[in-house]
Structure formats: structure tokens, C-alpha cells
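Residue numbers (my numbering): 1201 to 1438.
Below, the structure is given as C-alpha cells:
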């Protein structure tokens, strides 16, 4: 493909991505109440009703939180369009084998995103909220009045970090394929990697063992799965 044609293709991809992002933001804004309720629902256990637990501390806070979530949700919703644009742009320069590898990793990445989001939202975050708002942590007669924006983005950040953490085995697999890492070296360092996984899990979760296991065990599982796949296909042997 000529350079001019390649640049034109890149320009078209960028325009399509921007339009998709703007449309997704409009849709997200229309349904922002439903999107935000997914995060406020995590605090139902704190008070009798969410309205008596989550509060805003300034007149602009509600609008700012809604605007931030609209942009974030818009980007997430339009992400498939962005990925498709990147694939369409780079695929002509890839071999058939490289295309298969890219598509395989996209599928596995999507699976890990779904697994990470599910574990964080339905398993770990409820445990974290229940633990951190335990009445034993405050004197008798003292209740919880939580800042709305801070806490809904705490939930979002927790989910995001869980998703990113579960992408690390995939990154390791890519490095093994590229022979940047050697499988024997990674296997030899397993005990240190597992300890590191539990340390990371302890940092991003509240200090209770169940929450830490909820993040650490899937990471350990996918770490060894990545090593097994590398062994089957002889990655990292260069």
C-alpha cells in the first residue's frame, strides 16, 4: 500500500473513532443514571437507603461526577471501534501467523476483562465495602456519610485495577512469544512471582484474606495457564 494511501486510511480510522466516541458519550449521558446506579448499588449495605449514605459536598459535584462517568463509559463503549480501527490499520503489514496471534490475544484479553470485572464487582468490592464500613471501626452512635464522587470512583478504580492486573499473564505470554522472557527463567522464579501476586493483591484489596484470595487466585491460575500454553507451543525457548 502506498504511503499516501496508508496515511489516508489512518485519518479515516481516527475520524471514525472520534465519531464513535462522541456518539457513545451521548448514549452514556442519556443512560448515566443507570450507569451510576451500578456503582451506588455497592453501598446499599452501608445505610438503610443510598440517599442517606452517599452525599455530595458541593453544588457542582453531581454534575462533574456524571460528566466524568459519561466520558469514561463513552470510551469503554466505543473501545471495540477503536480496536477494530487499529487492527484494520496494522493487519495489512502482518503475516497470516501474526494475524492469528493478534486475534487470539484479543479474544483472551476480552475473556480476562470479563473475568476481572465480574470478580471485582460481584465478589471483591462487596466484601471490601462491608469490611471498610464495619461498625466496629467507629464509636457507638457514629454512622457513615460517604462522599458520592469519591466512593463511586473508588469502586470504578478497583474494578479497573483488577482488570489490568489480570492482563499481566497475557503480557507475560507476549514476552515469551517474542523471546524477551525465557520459559525456564519464569518457571524458576515462580515462587517469587506468586509472592509478588499476593503482595499486589494485598495492596489493591482491603486487609481481609477473602478479598486478597479473590484477586490473587485467578492471577496465579492464569499465570500457570500462560506457562502451560507457552510449553505446548514452545514459546520462550529461543
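Glycine is no exception: its CB is placed at the ideal position from the N, C-alpha and C atoms. Being a predicted model, the structure only gives us computed values, none of them experimental.
To the nearest angstrom, report how far apart residue i and residue j are at their CA atoms.
i	j	result
residue 1232	residue 1274	10 Å
residue 1388	residue 1302	28 Å
residue 1379	residue 1363	25 Å
residue 1196	residue 1219	Residue 1196 is absent from the structure shown; the chain starts at 1201 and stops at 1438.
residue 1204	residue 1211	11 Å
residue 1278	residue 1361	20 Å
residue 1235	residue 1434	44 Å
residue 1230	residue 1432	48 Å
residue 1304	residue 1267	35 Å
residue 1409	residue 1334	16 Å
residue 1339	residue 1257	23 Å
Could you check which residue in the options has the C-alpha nearest to that of residue i?
i	options	result
residue 1354	1258, 1229 and 1269	1269
residue 1255	1272, 1225, 1350 and 1229	1350
residue 1261	1225, 1292, 1227 and 1348	1348
residue 1429	1272, 1308, 1320 and 1263	1308
residue 1357	1436, 1374 and 1317	1317
residue 1324	1230, 1222 and 1417	1417
residue 1343	1213, 1215, 1246 and 1214	1246
residue 1421	1333, 1365, 1384 and 1224	1365
residue 1244	1292, 1326, 1339 and 1283	1326
Confirm, please, whether the CB-CB distance from residue j to residue i is below 7 Å.
i	j	result
residue 1242	residue 1329	yes
residue 1312	residue 1367	yes
residue 1415	residue 1401	yes
residue 1217	residue 1285	yes
residue 1321	residue 1359	yes
residue 1381	residue 1436	yes
residue 1253	residue 1319	no
residue 1419	residue 1397	yes
residue 1213	residue 1289	yes
residue 1352	residue 1424	no
Residue i bridges to which residues according to DSSP?
i	result
residue 1255	1347
Quick one: measure Cβ to Cβ for residue i and residue j, integer angstroms, because I've assumed they're closer than 8 Å.
i	j	result
residue 1395	residue 1372	Not really, about 16 Å apart at Cβ, beyond 8 Å.
residue 1281	residue 1225	Rounded, the Cβ-Cβ distance is 13 Å, inconsistent with contact.
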